[in-house]
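Numbering (this note's numbering), first residue to last: 4 to 238.
Cβ coordinates follow ideal geometry from the N, Cα and C atoms, glycine included.
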């Protein structure tokens, strides 16, 4: 699942008429970078939640066949935040079992090799998080990591990258409506049900026009690399 239903408030005025997932960087919409990396890692079924200017996202991406994937859309009448959006999309993500699914924030750029994620989680593990070094705009970090286990407090905190494997049962007991993911993760972390890893490669939270411009500059200078495949996007 790619999260793409946010209002993009920090990106204004760019997002007044264009949804954040379709803002271009490196010659293609931001969300296409994620789709190409997922397809390259062997993912064939994608769910994308949409809300703000969501019709533009659907028109641009279509059914996903041009990338060799099948895209299903979870439409939100108003943004439901991360946990609320996932909860609504669970019927599209999960069959009758509790197999984990991959969740990716739609406003990040990262060269993490998705095929490196664990092929499975232990029965007692509800989530696996990819953590990264703290960026300048988030120096306090989110969680710690001790011997492959995510902990709530650490003298050396790291930032949650927005890439994770989650079990549907993480959302057991949740009621439909807008709600963040953080509290659910912290409850599971307190029960030692969240594993993790520290990724030291390129990761950028593309949350503001300035960081979008910085990513564009880094891509064009070769400081970070991206999938060079070109795809025509309908407008």
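With the cut-off set at 8 Å, would you say residue i and residue j are in Cβ contact?
{"i": "residue 108", "j": "residue 77", "result": "no"}
{"i": "residue 9", "j": "residue 23", "result": "yes"}
{"i": "residue 48", "j": "residue 73", "result": "yes"}
{"i": "residue 42", "j": "residue 70", "result": "yes"}
{"i": "residue 305", "j": "residue 106", "result": "For the chain, the structure presents residues 4 to 238; residue 305 sits outside this window and is missing."}
{"i": "residue 201", "j": "residue 167", "result": "no"}
{"i": "residue 50", "j": "residue 25", "result": "no"}
{"i": "residue 146", "j": "residue 134", "result": "yes"}
{"i": "residue 16", "j": "residue 63", "result": "no"}
{"i": "residue 244", "j": "residue 85", "result": "In the structure displayed, the chain extends from 4 to 238; residue 244 sits before or after that span and is not available."}
{"i": "residue 114", "j": "residue 172", "result": "no"}
Report the option in the options whose CA atom is closest to the CA atom of residue i.
{"i": "residue 150", "options": "100, 197, 101, 225", "result": "197"}
{"i": "residue 204", "options": "119, 184, 16", "result": "119"}
{"i": "residue 187", "options": "174, 181, 146", "result": "174"}
{"i": "residue 181", "options": "221, 67, 88, 124", "result": "88"}
{"i": "residue 14", "options": "6, 214, 221, 224", "result": "214"}
{"i": "residue 40", "options": "30, 57, 117", "result": "117"}
Note the first and the last residue of the continuous alpha helix (DSSP H) segment covering residue i.
{"i": "residue 88", "result": "84-96"}
{"i": "residue 190", "result": "185-193"}
{"i": "residue 213", "result": "212-224"}
Note down the Cα distance separating residue i from residue j, rounded to an integer number of angstroms.
{"i": "residue 20", "j": "residue 94", "result": "30 Å"}
{"i": "residue 96", "j": "residue 128", "result": "18 Å"}
{"i": "residue 144", "j": "residue 136", "result": "8 Å"}
{"i": "residue 229", "j": "residue 218", "result": "Any reading at residue 229 needs caution, since the residue's pLDDT is 48, under 50, leaving its predicted position unreliable; the model's value is listed next. Roughly 11 Å between the two C-alpha positions."}
{"i": "residue 191", "j": "residue 67", "result": "34 Å"}
{"i": "residue 222", "j": "residue 176", "result": "43 Å"}
{"i": "residue 28", "j": "residue 111", "result": "11 Å"}
{"i": "residue 58", "j": "residue 189", "result": "34 Å"}
How would you write the range of the beta strand (DSSP E) that residue i sits in, first residue to last?
{"i": "residue 167", "result": "162-169"}
Throw me the rounded Cβ distance for the residue i and residue j pair, which I believe falls under 8 Å.
{"i": "residue 161", "j": "residue 148", "result": "6 Å"}
{"i": "residue 206", "j": "residue 157", "result": "With 8 Å as the limit, residue 206 and residue 157 do not qualify as a contact, their Cβ atoms being about 19 Å apart."}
{"i": "residue 1", "j": "residue 138", "result": "Here the chain covers residues 4 to 238 and nothing more, so residue 1 does not appear."}
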